[in-house]
Amino acid sequence: MLLEKTKLPGLPKFFIFSPFYERFYSHQSFDSVTYTKLVQNSTKSGCMLHGKLAHTQIIKSAFKPCLFLLNNLLNMYSKAGEMDVAHRLFDKMSKPNLVSYNSLISGYNQMGAFDKAMQVFVEARKACLKLDKFTYAGAIHVCAQNGDLKLGKLIHGLIVVRGLVEKAYLTNSLIDMYFKCERADQARFLFENSKELDAVSWNTLIAENISKECANEACGLFFEIQTQGLKPSKFTFSSMLKACNAVEDFVYGKQIHAQVCKYNLQSDEFIGSALIELYSLMRSTEDGLKCFRSTPMQDIVLWTSMIAGYVQNGQFESALYLFYKLLASGGRPDEFVTSNVLSACADLATARLGELVHGHAIKSGLGNFRIVQNSQICMYAKCGDMDSADLTFQETENPDVVSWSVMICSYAQHGCARGALNLFGLMKEFGILPNHITFTGVLSACSYGGLVEEGLQYFESMKDYDVEASVEHYCCVVDLFGRAGRLAEAENFILTSSFKDNPVIWRALLSSCRVYKDTVTGKRAARKVIELEPQEAASYVLLRNIYADAALEPLAASVRELMQQRGVKKKPGLSWI
0 MLLEKTKLPG
10 LPKFFIFSPF
20 YERFYSHQSF
30 DSVTYTKLVQ
40 NSTKSGCMLH
50 GKLAHTQIIK
60 SAFKPCLFLL
70 NNLLNMYSKA
80 GEMDVAHRLF
90 DKMSKPNLVS
100 YNSLISGYNQ
110 MGAFDKAMQV
120 FVEARKACLK
130 LDKFTYAGAI
140 HVCAQNGDLK
150 LGKLIHGLIV
160 VRGLVEKAYL
170 TNSLIDMYFK
180 CERADQARFL
190 FENSKELDAV
200 SWNTLIAENI
210 SKECANEACG
220 LFFEIQTQGL
230 KPSKFTFSSM
240 LKACNAVEDF
250 VYGKQIHAQV
260 CKYNLQSDEF
270 IGSALIELYS
280 LMRSTEDGLK
290 CFRSTPMQDI
300 VLWTSMIAGY
310 VQNGQFESAL
320 YLFYKLLASG
330 GRPDEFVTSN
340 VLSACADLAT
350 ARLGELVHGH
360 AIKSGLGNFR
370 IVQNSQICMY
380 AKCGDMDSAD
390 LTFQETENPD
400 VVSWSVMICS
410 YAQHGCARGA
420 LNLFGLMKEF
430 GILPNHITFT
440 GVLSACSYGG
450 LVEEGLQYFE
460 SMKDYDVEAS
470 VEHYCCVVDL
480 FGRAGRLAEA
490 ENFILTSSFK
500 DNPVIWRALL
510 SSCRVYKDTV
520 TGKRAARKVI
530 ELEPQEAASY
540 VLLRNIYADA
550 ALEPLAASVR
560 ELMQQRGVKK
570 KPGLSWI
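Sequential numbering from 0 applies to the sequence shown in numbering that gives the first Met the number 0.
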């Protein structure tokens, strides 16, 4: 009773164990109830030291623990991830019951040791125990994670035989398993024909639709939840906000926010993070900051979302200031925060500050995270320090496609065409498949290096890697022709492409026309851009400059008059000077 009474709100975690210490040091004896409560408190608080001390005392005192106490010890070690200790304890149990097996299965699943979890499930069946919904759910989770549809169906059959198929807990596990095994038809059939469904069932279906980029279907399910009279949970709202963010449906996103406030869930960290992302996409970081501040428990996910929001909106100084606030509050940045802060340093070209963040990452044990290393490479390259970028790349163990692509793009941007192409060849030798960003860097390198024929070959080779050419790649090819003065070929390339109605690609040609003072091609390109974007001042200005450079002042003046007639105004540039 004394141990139970000390569990008062607001007290430090260790305080609940003080009666145990008093009795321990006074060499008083303990009973099963005291040990059990101590182990349970240790499990809840996450303070393993005290639970281990109790276990040690049990062994030293030759006390014979009951099965209930042993199961609590087993649960403590399993939840702490110490599965070797947990399994040794299990092996020493004379008659483990179903709770014992369930604790082991849950622990192995938590640690990602799915094959071992399945072995324990098989042992439980051999022990002729009457398996419950938790045992079967643990086995179904293994099948879901391993993508083992055959075994999953077999366990589904066992569940039906046991008469547990109508349990919502198991239905949810089965729906998740079928989705993960790419059998959406069976998952939906199970969902539509289940008599007992709860909010988790709907959440699973919503989350699956979002993962498959079917945001509209997810929104329909959310509406149906409410018509069924079910109360949406924090996971439902979090998923729905992600759906709104995916399709950039900001109006519906704000409506979801209103419902979040209605159910008083705005203080939840996951919902807060999704709301920050929503307002960041809306370019309303002020509203995002309000969501950040209104969340009482600001975990690292929230800090990451807010810092990332600032970086995405070009508010790099605000991102760095928030990073400073995180450090000042005693918070520990993770690899995602560090990556975003390095991106801010890169865009501000503040090499010194980037070096400090790099040093902090190493000191914090984050230096070997791939996402941090890739951001470091990008930061040094954008700051013009290719030696440090190259050194970081060489120190990266098993660089991925992002690492290689960042280096290739960096070499291209610094005019080292041959270096970028050599790196691309080396990348293929290492068996790394290029992606669309890799080819953007390669094509840019060919453009800067005047390697037209080689660039065209690389462009054609994209099909070999199943990389679909985007407007960015087409712009690179137009620039490739344009820099070489082959403007007619560039224009023909645009006209035969699937992006002939995209203003960006015509603007790339227009820029090349100005360099070579080609007023004829430039006029055609400008007309097309103006037709597609009649209120975009940049196209008018480019055409006017082409005429002015060619000493065709009357034509330049006519473009200026056209701008005035259409009310097109050139936005004035800004300078720090």
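Yeah, the Cβ is synthetic: ideal placement off N, Cα and C, and Gly gets one too.
Just so it is clear, the structure is predicted and the values come from calculations on it, not from any experiment.
Quick one: is residue i buried, meaning 16 or more other Cβ sit within 10 Å of its Cβ, or exposed?
i, result
"Ala327", "exposed"
"Asp386", "exposed"
"Ser77", "buried"
"Thr33", "buried"
"Tyr24", "Residue placement at Tyr24 is flagged as unreliable, the pLDDT there being 49, under the threshold of 50; a coordinate-derived value is accordingly withheld."
"Met296", "exposed"
"Ala380", "buried"
"Val250", "exposed"
"Glu396", "exposed"
"Ile58", "exposed"
"Lys241", "buried"
"Val310", "buried"
"Ala348", "exposed"
"Arg513", "buried"
"Pro95", "buried"
"Lys63", "exposed"
"Leu494", "exposed"
"Leu508", "buried"
"Asp267", "buried"
"Arg506", "buried"
"Leu580", "Residue 580 is absent from the model: the chain starts at 0 and stops at 576."
"Asn108", "buried"
"Ala556", "exposed"
"Ala61", "exposed"
Terminal residues of the continuous alpha helix (DSSP H) containing residue i?
i, result
"Asn71", "Leu66 to Lys78"
"Cys382", "Counting along the chain, Cys382 falls outside any alpha helix (DSSP H), and DSSP gives it neither H nor E."
"Ile270", "Glu268 to Leu280"
"Ile431", "Counting along the chain, Ile431 falls outside any alpha helix (DSSP H), and DSSP gives it neither H nor E."
"Met296", "Premise fails: Met296 is in no alpha helix (DSSP H) and is neither H nor E."
"Phe335", "Glu334 to Leu347"
"Ser283", "Segment: none, Ser283 is in no alpha helix (DSSP H) and carries neither H nor E."
"Asp184", "Ala183 to Glu191"
"Lys527", "Thr518 to Leu531"
"Glu535", "Per DSSP, Glu535 belongs to no alpha helix (DSSP H) and is neither H nor E."
"Phe315", "Phe315 to Ala327"
"Asn397", "Counting along the chain, Asn397 falls outside any alpha helix (DSSP H), and DSSP gives it neither H nor E."
"Gln260", "Sequence inspection shows Cys at residue 260; the Gln mentioned does not correspond to that position. Here the alpha helix (DSSP H) through Cys260 covers Phe249 to Lys261."
"Cys445", "His435 to Gly448"
"Ala350", "Ala350 to Lys362"
"Lys51", "Met47 to Lys59"
"Phe234", "Lys233 to Val246"
"Ala34", "The identity of residue 34 in the sequence shown is Tyr, whereas the question assumes Ala. First-last of the alpha helix (DSSP H) with Tyr34: Ser31 to Ser44."
Excluding the 5 residues preceding and the 5 following residue i in the sequence, name in chain order all residues of the same chain whose CB lies nearer than 7 Å to its CB.
i, result
"Ser404", "Asn434, Ile436, Thr437 and Gly440"
"Gly484", "Tyr515"
"Arg559", "Arg543"
"Asp286", "Tyr278"
"Gly111", "none"
"Ala411", "Ala419, Gly440, Ser443, Ala444 and Tyr447"
Within a Cβ cutoff of 8 Å, which residues of the same chain sit near residue i, ignoring the five residues on either side of it in sequence?
i, result
"His472", "His435, Phe438, Thr439, Leu442, Phe458 and Met461"
"Cys180", "Cys142, Ala143, Gly146, Asp147, Leu148 and Gly151"
"Arg124", "Leu130"
"Ile154", "Tyr135, Ala138, Ile139 and Cys142"
In its own chain, which residues sit with a C-beta less than 6 Å from the C-beta of residue i, not counting the 5 before and 5 after it?
i, result
"Asp83", "none"
"Ala360", "Thr337, Gly366 and Val371"
"Ala198", "Leu229 and Ser232"
"Ala307", "Asn339"
"Leu68", "Ser31, Tyr34 and Thr35"
"Ile174", "Ala186, Leu189, Phe190 and Thr203"
"Ile205", "Ala217, Leu220 and Ser238"
Can you list, in chain order, the stretches of the alpha helix (DSSP H) that have 4 or more residues and sit fully within the stretch 452-508? Listed in chain order, they are 470-482 and 486-494.
Ordered list of alpha helix (DSSP H) runs contained in the stretch 128-167, each at least 4 residues: You should have 132-145 and 148-160.
Determine contact between the stretch 328-338 and the stretch 367-384, defined as no fewer than three beta-carbon pairs at a distance below 8 Å. With three or more CB-CB distances shorter than 8 Å, the stretch 328-338 counts as touching the stretch 367-384.
On the three-pair Cβ rule with 8 Å, is the stretch 217-228 touching the stretch 175-191? The answer is no - the stretch 175-191 does not touch the stretch 217-228, with fewer than three Cβ pairs under 8 Å.
Cβ contact (3+ pairs, closer than 8 Å) linking the stretch 133-141 and the stretch 86-106: Yes, they touch.
Restricting to runs no shorter than 4 residues, where is the alpha helix (DSSP H) found entirely within the stretch 81-125? Listed in chain order, the complete alpha helix (DSSP H) runs (minimum 4 residues) inside the stretch 81-125 are 82-91, 97-110 and 113-125.
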